[in-house]
Each structure stands twice: as C-alpha cells, then as structure tokens.
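In our numbering, the protein residues as written are 38 to 158.
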C-alpha cells in the first residue's frame, strides 16, 4: 500500500490488493489522497467492481493477520465533481471516508489487506 498513500497527483499506480467492501458492494481502490479543506478528509479513488456503494455505509479495515484495525463510514461519493448517493458496478468514483485519518492508514501501511463490512449494532 506504500505506493497509493501519496499526495494528489504524485503517484497514479493502482494497488489491486486493496478494496473497500460494504454490506452491498465492493470497490477496488486505485489510490488515496487527503482533501486539504478543514477538517481534512481521506478520499479513496477507484472503481466499483461488484454491487453498489452507498453514503453512510459502514466499513471495517482488517489486517492481514485478521485483527480489526480501523472502522470508518462513507461520508459522500462523487463522480465527475457531482455528489451522488450511491455508485453501482463499473462506475469510477471518489469515496470520502470519515472516522479515519491518512496518518492511521500510513501507520498500518502494508498490513491492511481488505476492508470488510462493519458489524451491525
């Protein structure tokens, strides 16, 4: 994951091992960047490869050894600079995540393999 934790425009290589999985869908993440407005937000750019991703979906990041690492929520979804409520299969979108920081992602670096749905309740 070292290659995708870069500032905007510096590195556009994809890391297909990393994905965001919610209860309804799966998104392959091409790269992360930080929006510089206050408060700063982590944005994942990528393509929905199965199902759909919706605003307010809860996700949990899980390390390679199976321990839970981070929990976050989909704050908003954008496609071509327009806010949308959900994204379906084969759409390329930006997903803004709330509840995590880029520093937390850097801390886990290569230990994160997949993002699994958060537990209900």
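Quick reminder that beta carbons are idealized off the backbone N, C-alpha and C, glycines included.
From 68, 111, 73, 60, residue whose alpha carbon lies closest to that of residue 84: 68
Do residue 122 and residue 92 come within 9 Å of each other at the CB atom, strictly closer than that value? yes
Note down, in chain order, each residue of its chain lying with its Cβ closer than 7 Å to the Cβ of residue 62, except the 5 sequence neighbours on either side. 85, 87, 88, 89, 90
Could you round the C-beta distance between residue 114 and residue 81 to whole angstroms and report it? I think they count as a contact, below 8 Å. Not a contact, Cβ separation roughly 10 Å.
Contact set for residue 131: own chain, Cβ-Cβ below 6 Å, skip 5 residues either direction: 80, 82, 115
Spatial neighbours of residue 112 within its chain, please: C-beta separation below 6 Å, excluding the five flanking residues on both sides. 133, 135
Going by beta carbon distance, what residues of the same chain come within less than 7 Å of residue 125, once the five residues before and after it are set aside? 85, 89
If you count every other CB in all the chains shown that lies within 10 Å of the CB of residue 72, and 16 or more means buried, which is it? exposed
Applying the criterion that 16 or more other CB atoms from any shown protein chain within 10 Å of the CB defines a buried residue, is residue 94 buried or exposed? buried
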